[in-house]
Structures are given as structure tokens and as C-alpha cells.
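In this note's numbering, the protein residues as written are 12 to 539. We put the CB at the ideal spot given by N, CA and C, even for glycine. Keep in mind the model is a prediction, meaning the values are calculated, not measured.
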Ligand SMILES: [Zn+2]
């Protein structure tokens, strides 16, 4: 059986004198038995007791009961004649701070709960753990923790974060070597960031977004450092440009879409069309059918008059090859018709990969779109399977420019079969889109393989491409070229910083509102 004193972890020189149960409260009387104490001013030991008094300290709970320590503390005379202090109170630094009303371990427990939660939530959790605390106390405890001492940083990652719903921004500084948060600044001005960098002449690389405030900050605050345009931001900028371009093409495509779909479906097996269409679409479709039939009859009539195919094409307003096809087939036909036997044979033999089937047709000379092949096959699917092939239905699959941008930027081998099909449809919208895809993938490849030496060749290809959106992107690159080359070559990435920004958002959402930025900074520095 161990003594009751050993239940309470106390520093050497303190002993339990008695324990009393008051309701649910354990009141523990503690005395100091050290023969002497040292003066806090001159450090000289003294054993001459002047007087004694009692301190009451709240302590961490013990086996379901709250604990209060009644600590008998002594005052000593300082015997050093040179010392200004005549009387001093004995110090028990491992147990309690000089003027505190709680033990050090209780203080730290509240602090830990505070950092792990937020002021409000933490108070409730602490209460469940038998620790009484108010939000104000918890915040005070958290703010009391000193900032990590200024450490050495050679690879600095810097980025902004949204402070208040995108209206106010701060700056997050991360050590890219250790992945630790270095500091949080309440704004994103070049001056503040530069001032921070000036305190760290050891910085060798500053990884930041493209151009802007942090570039100026690095010039002013860390002129010795290499600036590195962050790959994450480069890709983001490219994505923004790309989204604009794709939005334009998708809009054009959408305007033509119903028309194209209807035209391509009119001549083939009209009886088996089982797709549900609104009456409005039905009427439109009927109109197209009649219009197309009229054109066909006109072609045949003109041919009977002995006109050339070129002349007929001009007169009717359709392509000369279409005239040729219609006349050869004795009916109006789609470009897919000659390939249908092959297509169905492959389909029946079990190949249901539409992208691959399209590729096979192209290898056999098919010049039509992937969408036609896909639509044709989807219409042949039994009802049940049609739903599962929903992603492949009649409209071009990437619905939004954002989705389309995602497909363009992603590594092709990481796309699912459905996404590959969508991408293929998308690329065939327009030759400019196809050229854009190639250039975007080349840039992404440079980013992945750190082949910054290929940048000039890529820039030249963009100039040749005559695609205005991409050319505006390259203008930005030209302005910031040394940093871009560094970003394409060096291994660092602000991906770490982005990760921290996301966690910061989480902390922010958990409600630090009461104490504002200083508390947020504390929590980010001590919890990330
Ligand atoms: Zn002294």
C-alpha cells in the first residue's frame, strides 16, 4: 500500500500534510519542508524564516474530483547585506508561478484544450474533464504561450490567406524545409513581408506566387535570395486563362449543340429513337428533319438537271462531300454510316470502350467526331444501361468550363475512362481547343519534370499558335522570367503552404472571433 501523498505528483520538498473531502472537492494541505530557500534577487540561500502564509491553488482534477491545494508558503530574510531585498517568499517554480492562483499543470491543461479547440468549445470540453474555465481565461492562457523563438530559415514559402470572406487578407510564412509555420502577418502588403524577411538574412530562396506584392517584398527584404515563382500558382494562373478560353468555346458549342445533335440523328433509324424529348425539342427536330429532307430532294432534283456536285453544293448551301455522299448512297447519310457494320461487330464482340472504338474508326479513315460515335452507341444501349452511361449522353459531357479546365490540366493517365471520353469530346470542339490542349499539357509536363530549360521553346510555340489567351499568359511569364525558370527547375513547392492555409481556414472557422488576429496567429503558430 502506497502512501496517500504519492497520489499527488509534487516537486521535491513539498509534502502532503492532510486531505479533506468537501463535497466533491479534494482539499489538499501541502507544506514546504525544504530547510532553506534562495533569494530571487541575489540568489543567496537563507534558512531564516520570517513568517508564513497560505496560498490556495486550483489543480488538475484527481479521479473525478476537483482538487484545491492549500499551500503553506514561507517568507525568508535575505541575509546578504548587499541585496536590496530584505524579505522574500520562497519560490516553487515547477509547481506554480509566483502570483498564480492555479498550478502550472492546470494552466497547461487549459492551454492545450484551448489550442485543440477554440475558446467557446474548449470551455465546454474542459468542463466535461472536470476543469472549470471561462472562455476569457482560456484565451488568456493561450495568448500567454510565447511565440517560437525566431529560427533560421533558408527556404521561405510565402502566400496570402483570406482573413474575412475574401475582403481582407493576411500573409502566411512557412519553412519549406521543415514544413513548419514561421509566422502569420495581419496583412499582405509588400512592406510587412519585406520587414519580416529583413530579420532573416539567411533566406536563400523565396517561393511565392507570380509577381505582385511578394515579389517586391523579396526584392526589398531578401535581395540575396533567389526568387522562385511557385508551380502551384503558375498552374493556377494557366488554369484561369484556360477556363476563359474553354468557356468561350463551350458557349459557341452549346449554341450549335441542339442543332448538330438533331441533324446527326435524323437520317438514322428514326423509328428506334427512344430518347425522351420535350415537345418543343420534338417540334424542332421535326422541322430539321423536314428541312433536311427538302435539301436532299433539292440535291437530287438539281442532279437530274445535270448540275455538277460543286454547283449543287453552292446552290443548296451544304458541303460538296455531303452532296457526294448523299448522291452515292441514294439517301442523306451521316459520316458514320460506312463504319457502322464494323462498329457494331466490335460492340457485339464485347468492346464497349467508346474512346477506343472511336480511335479504331479514325484509324480506318473515319473523319467524324467522337460525339457522333458515342451518341450512336448510347442510343443502341438497352434502357437499363443507358442510365449507367449517363455521362456519355448526348450533350458534350464537360458541362462547365471549370470541369473542362480540370480535364485539361490533369495528367491524362490519371483520368477515369469517362473523363478520358469527356476530354476527347472537348478537344474536338475546335482546332484551337486541340492546339491549346497540347500546349497546356506541355507546360504541365515541364512543371512535373522540372525542365525549365524547355521554357523558351514552349514560349516560341505559344507565339506560333496565335492563341490570344495563351499569349497573355506568356506575357506574364516574360515579365517574371528568372523566377519562373527557378520555379520550373528547383524542387520546392508552395504546396505545403497551401496545405497550411487550408488548415488555417479550419482553425479560423472554429471561431476565434473573440480575440481576433492575435489569437489566430497563436493558434496557427502552435497548432500547425
Ligand atoms: Zn537577496
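Any non-hydrogen atom of ligand 1 within 6 Å of residue i CB
{"i": "residue 102", "result": "no"}
{"i": "residue 89", "result": "yes"}
{"i": "residue 85", "result": "no"}
{"i": "residue 49", "result": "no"}
{"i": "residue 53", "result": "yes"}
{"i": "residue 77", "result": "no"}
{"i": "residue 162", "result": "no"}
{"i": "residue 239", "result": "no"}
{"i": "residue 69", "result": "no"}
{"i": "residue 96", "result": "yes"}
Among the options, nearest to residue i - alpha-carbon criterion
{"i": "residue 180", "options": "538, 515, 167, 263", "result": "515"}
{"i": "residue 334", "options": "314, 169, 352, 349", "result": "314"}
{"i": "residue 511", "options": "195, 104, 113", "result": "195"}
{"i": "residue 357", "options": "347, 371, 349, 414", "result": "371"}
{"i": "residue 498", "options": "416, 14, 219", "result": "219"}
{"i": "residue 65", "options": "328, 327, 303, 112", "result": "112"}
{"i": "residue 35", "options": "44, 74, 55", "result": "74"}
{"i": "residue 72", "options": "454, 411, 138", "result": "138"}
{"i": "residue 237", "options": "535, 500, 518", "result": "500"}
{"i": "residue 55", "options": "527, 32, 94, 76", "result": "94"}
{"i": "residue 386", "options": "378, 412, 365", "result": "365"}
{"i": "residue 481", "options": "458, 464, 456, 449", "result": "449"}
{"i": "residue 415", "options": "245, 476, 463, 259", "result": "259"}
{"i": "residue 190", "options": "508, 463, 428, 531", "result": "508"}
{"i": "residue 413", "options": "133, 16, 257", "result": "257"}
Pair within 7 Å by beta-carbon distance, residue i and residue j
{"i": "residue 240", "j": "residue 495", "result": "yes"}
{"i": "residue 419", "j": "residue 249", "result": "no"}
{"i": "residue 84", "j": "residue 38", "result": "no"}
{"i": "residue 513", "j": "residue 243", "result": "no"}
{"i": "residue 8", "j": "residue 165", "result": "In this structure the chain extends from 12 to 539, so residue 8 is not present and cannot be described."}
{"i": "residue 436", "j": "residue 382", "result": "yes"}
{"i": "residue 125", "j": "residue 152", "result": "yes"}
{"i": "residue 45", "j": "residue 24", "result": "yes"}
{"i": "residue 478", "j": "residue 443", "result": "yes"}
{"i": "residue 217", "j": "residue 205", "result": "no"}
{"i": "residue 192", "j": "residue 536", "result": "yes"}
{"i": "residue 42", "j": "residue 26", "result": "yes"}
{"i": "residue 105", "j": "residue 22", "result": "yes"}
C-alpha gap between residue i and residue j, whole angstroms
{"i": "residue 251", "j": "residue 167", "result": "26 Å"}
{"i": "residue 29", "j": "residue 70", "result": "16 Å"}
{"i": "residue 188", "j": "residue 57", "result": "50 Å"}
{"i": "residue 322", "j": "residue 433", "result": "38 Å"}
{"i": "residue 310", "j": "residue 348", "result": "19 Å"}
{"i": "residue 182", "j": "residue 213", "result": "20 Å"}
{"i": "residue 326", "j": "residue 493", "result": "58 Å"}
{"i": "residue 201", "j": "residue 185", "result": "17 Å"}
{"i": "residue 491", "j": "residue 502", "result": "18 Å"}
{"i": "residue 424", "j": "residue 147", "result": "53 Å"}
{"i": "residue 117", "j": "residue 108", "result": "12 Å"}
{"i": "residue 373", "j": "residue 355", "result": "15 Å"}
{"i": "residue 380", "j": "residue 441", "result": "11 Å"}
{"i": "residue 141", "j": "residue 115", "result": "16 Å"}
{"i": "residue 461", "j": "residue 451", "result": "15 Å"}
{"i": "residue 210", "j": "residue 457", "result": "34 Å"}
{"i": "residue 398", "j": "residue 317", "result": "Because residue 398 sits at a pLDDT of 45, beneath the cut-off of 50, its placement in the model cannot be relied upon, and the following sentence gives the value as read from the coordinates. When rounded, the distance between both Cα atoms is 49 Å."}
{"i": "residue 467", "j": "residue 446", "result": "18 Å"}
{"i": "residue 529", "j": "residue 422", "result": "41 Å"}
{"i": "residue 208", "j": "residue 235", "result": "11 Å"}
{"i": "residue 87", "j": "residue 48", "result": "7 Å"}
{"i": "residue 384", "j": "residue 454", "result": "31 Å"}
{"i": "residue 540", "j": "residue 532", "result": "Because the chain spans 12 through 539 in this model, residue 540 falls outside it and cannot be assessed."}
Endpoints, alpha helix (DSSP H) assigned at residue i
{"i": "residue 325", "result": "320 to 327"}
{"i": "residue 417", "result": "412 to 420"}
{"i": "residue 97", "result": "Counting along the chain, residue 97 falls outside any alpha helix (DSSP H), and DSSP gives it neither H nor E."}
{"i": "residue 487", "result": "479 to 490"}
{"i": "residue 356", "result": "351 to 359"}
{"i": "residue 370", "result": "365 to 374"}
{"i": "residue 235", "result": "It is not in any alpha helix (DSSP H) - residue 235 carries neither H nor E in the DSSP assignment."}
Residue interval of the beta strand (DSSP E) (run including residue i)
{"i": "residue 65", "result": "60 to 73"}
{"i": "residue 76", "result": "76 to 88"}
{"i": "residue 180", "result": "179 to 186"}
{"i": "residue 191", "result": "191 to 196"}
{"i": "residue 218", "result": "216 to 219"}
{"i": "residue 25", "result": "25 to 33"}
{"i": "residue 163", "result": "Looking at the DSSP string, residue 163 is not in any beta strand (DSSP E), and its letter there is neither H nor E."}
Minimum Cβ-Cβ distance from residue i to chain D less than 7 Å
{"i": "residue 132", "result": "The question asks about chain D, but that chain is absent: this structure has only one protein chain."}
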